[in-house]
Each structure stands twice: as C-alpha cells, then as structure tokens.
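All remarks here apply to the structure that follows.
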Amino acid sequence: MGEVAKDLTAGTVGGAAQLIVGHPFDTIKVKLQSQPAPLPGQALKYAGAVDAVKQTLAAEGPRGLYKGMGAPLATVAAFNAVLFSVRGQMEALLRSQPGAPLTVNQQVAAGAGAGVAVSFLACPTELIKCRLQAQSALASSDSAVVAVKYGGPMDVARHVLKSGGVRGLFKGLVPTMAREIPGNAAMFGVYELLKQSFAGGQDTSHLGRGSLIVAGGLAGASFWASVYPTDVIKSVIQVDDYKNPKFSGSFDALRKILASEGIKGLYKGFGPAMARSVPANAACFLAYEVTRSSLG
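By full-length UniProt numbering, the letter at position 182 of the sequence shown is numbered 182, and the numbering carries on one by one without gaps.
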C-alpha cells in the first residue's frame with residue numbers, strides 16, 4: 001500500500017475509535033457551551049456537567065448523549081484521511097533524508113500544516129454536529145419537553161443551506177482554524193515529545209501500547225488545554241441563528257461572552273472536554289499506530 005493509503009486506513013480506524021469513546025463527553029461540552037445566559041434571577045439550564053448528563057438522560061435517554069454523531073461518523077474517513085495524510089506529507093517534506101525521524105519542532109510544524117487543511121472539512125461537520133447537540137440546551141428553560149428542531153444531520157444541512165446557502169455551512173471557519181492549527185501543532189508536538197521521552201531517543205518504533213496510550217491521551221489533553229476558548233467561540237457562532245444572529249463574528253462573540261460572563265464564560269464545558277480528550281485521543285492514537293504498523 002502507498003503511504004497515503006496507509007495513513008487513510010489507519011486514520012479512519014483511529015478516528016472511529018476516538019468518536020465512539022469521546023462523543024458523549026463532546027455532547028455535554030457543547031450543551032454547556034451553548035446554553036443561553038439566564039434572565040435576571042433565574043439559574044442556568046444546567047448547573048454543571050453532571051447535571052447536564054442527568055437532564056439529557058432523563059429527557060432523551062442514552063441516545064441523547066450520541067446526538068449529532070451521524071455527521072462526524074459519516075465524515076470520519078475523510079477527516080482523518082486529510083489530517084493524517086497531510087501530516088504524513090508534511091513529515092516527508094520536513095525530513096532531512098528519507099526515513100529519518102522528525103524532531104519535536106518538525107512534528108509541531110507538520111501538525112500545524114495538517115490543521116490548516118482539516119479546518120475546511122471540520123467546520124461544516126462541526127456546525128451540523130453542534131446544532132444537533134445544542135437543541136435541548138437552547139430550548140426555553142421552563143420547557144419540560146426537549147424542543148426538536150432537526151430530524152438529523154441531513155435535516156440540519158437542509159435548514160442551513162436554506163438559511164445561509166453554501167457559505168452557511170462554513171459559519172465559524174475562522175475560530176475553527178484558530179482551534180485546529182495551534183491545537184494540532186500542540187497535539188502532535190506533545191505526542192512526539194512524550195514518545196521520544198519514553199523511548200529514550202528518536203527511535204520510537206518499539207514502544208509498547210501502554211506508552212502509546214499515555215502519550216496519545218496527554219497529547220489530546222494538550223490540544224484542548226491550548227485552544228479551548230476558541231472552541232467555545234466556534235460553538236456559539238455555529239449554533240447562532242442565521243436570520244437574527246446574536247454575534248456578528250468571532251471578536252463580537254468574544255467581547256459579549258467576556259462582558260456577560262467574564263473569563264469563566266470562555267471555559268464553559270472545559271471539564272467534559274478534558275475528561276473526553278484523554279481516553280478519546282488515547283484510543284485514536286493507539287488504533288492509528290497499531291493499524292499503521294500492521295500495514296507495514
């Protein structure tokens with residue numbers, strides 16, 4: 001198999017593992033991020049992550065935690081093909097000679113390059129996912145029944161195309177890029193740094209699965225720790241109404257969040273995001289490495 005085909009196959013397996021493990025955490029993160037500010041004297045719809053889980057299970061059952069999974073699942077092959085194949089091609093360009101291991105700084109550069117490419121696929125996928133996940137959070141706080149606006153991913157796409165055209169699917173592209181570029185630079189850099197530390201040098205080909213799990217989990221945590229506020233801004237913009245938007249852009253969203261909620265408003269849902277990042281990315285990198293190694 002060609003190198004790109006190997007990255008495609010391994011990336012697909014890794015992405016599927018990441019999605020299955022991490023999607024419920026991601027649902028809670030988006031619900032917390034997108035819940036509207038309460039009226040004076042009223043409490044937030046969700047008191048925290050545990051409360052969001054309880055309310056979701058009570059109103060929608062376990063399936064509610066996997067709402068919006070169809071869109072990323074349908075595109076997981078393409079998403080990871082772009083991420084890992086572009087990273088692989090960046091690695092080839094950065095190597096001093098064929099087969100030479102990359103330094104941590106080179107892996108940072110390769111991750112940033114992959115982040116640029118993957119942003120254009122991540123944006124519409126995330127928009128559909130977030131609008132599905134946030135439906136119940138955006139329902140009126142005194143409503144006892146979840147307000148169902150969309151029937152599924154394709155229904156979201158139809159509504160978005162009707163309201164905003166093709167450009168509507170790329171709403172939030174700027175904060176998506178502001179998340180993916182530095183986030184992937186940090187993630188792949190930390191992943192390589194930890195692997196080389198565990199291996200005692202640049203040859204990491206003989207690391208065991210335990211080391212790969214730890215390195216992948218901590219690398220994923222570094223992604224979210226480095227870019228989380230931009231993810232909050234991305235989410236609120238992507239679930240915003242097209243005809244009567246609350247935010248005119250990323251900086252307006254940042255200004256209004258800071259004015260109404262302070263710095264803590266930029267870290268809504270941070271707990272679930274970090275709780276998700278470690279097991280989900282550990283699963284992703286382990287599945288990728290094992291599959292890639294088995295392909296030769």
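Note that beta-carbon positions come from the ideal geometry of N, C-alpha and C, so glycine has one too. What you are looking at is a predicted structure, and each value in this text was computed from that prediction instead of being measured.
What is the DSSP secondary structure of residue i, reduced to helix, strand or coil?
i: LYS195; result: helix
i: ASN281; result: helix
i: ALA147; result: With a pLDDT of 49 at ALA147, under the threshold of 50, the predicted position of this residue should be treated as unreliable, and no value is reported.
i: ARG95; result: coil
i: TYR46; result: coil
i: VAL290; result: helix
i: LYS54; result: helix
i: SER141; result: Confidence at SER141 is low in this model, with a pLDDT of 44, below 50, so the placement of that residue should be treated as unreliable; the coordinate-derived value is given next. DSSP places SER141 in coil when its eight states are reduced to three.
i: PRO62; result: helix
How far does the alpha helix (DSSP H) with residue i in it extend, from its first residue to its last?
i: TYR228; result: 209 to 238
i: ASN244; result: Counting along the chain, ASN244 falls outside any alpha helix (DSSP H), and DSSP gives it neither H nor E.
i: HIS206; result: Unbroken run through HIS206: none, as it is neither H nor E.
i: ARG255; result: 250 to 261
i: ARG131; result: 104 to 133
i: LYS171; result: Element bounds for LYS171: n/a, residue is neither H nor E.
i: LEU19; result: 3 to 34
For residue i, does the count of other Cβ atoms within 10 angstroms reach 16, so buried, or fall short, so exposed?
i: GLY11; result: buried
i: LEU286; result: buried
i: VAL50; result: exposed
i: TYR242; result: exposed
i: GLY172; result: buried
i: LEU295; result: exposed
i: SER143; result: With a pLDDT of only 40 at SER143, under 50, the local geometry of the prediction cannot be trusted, and no value is derived from it.
i: ASN244; result: exposed
i: SER293; result: exposed
i: ALA100; result: exposed
i: LEU218; result: buried
i: HIS206; result: exposed
i: ILE263; result: exposed
i: ALA114; result: buried
i: VAL166; result: exposed
i: GLU180; result: buried
i: GLY183; result: buried
i: ASN105; result: exposed
i: LYS162; result: exposed
i: GLU289; result: buried
i: PHE84; result: buried
i: MET154; result: exposed
i: ALA37; result: exposed
May I ask whether a heavy atom of the ligand FAD can be found less than 7 angstroms away from the beta carbon of residue i?
i: GLY262; result: Annotation note on the ligand FAD: not contained in the displayed structure, which lists no ligands.
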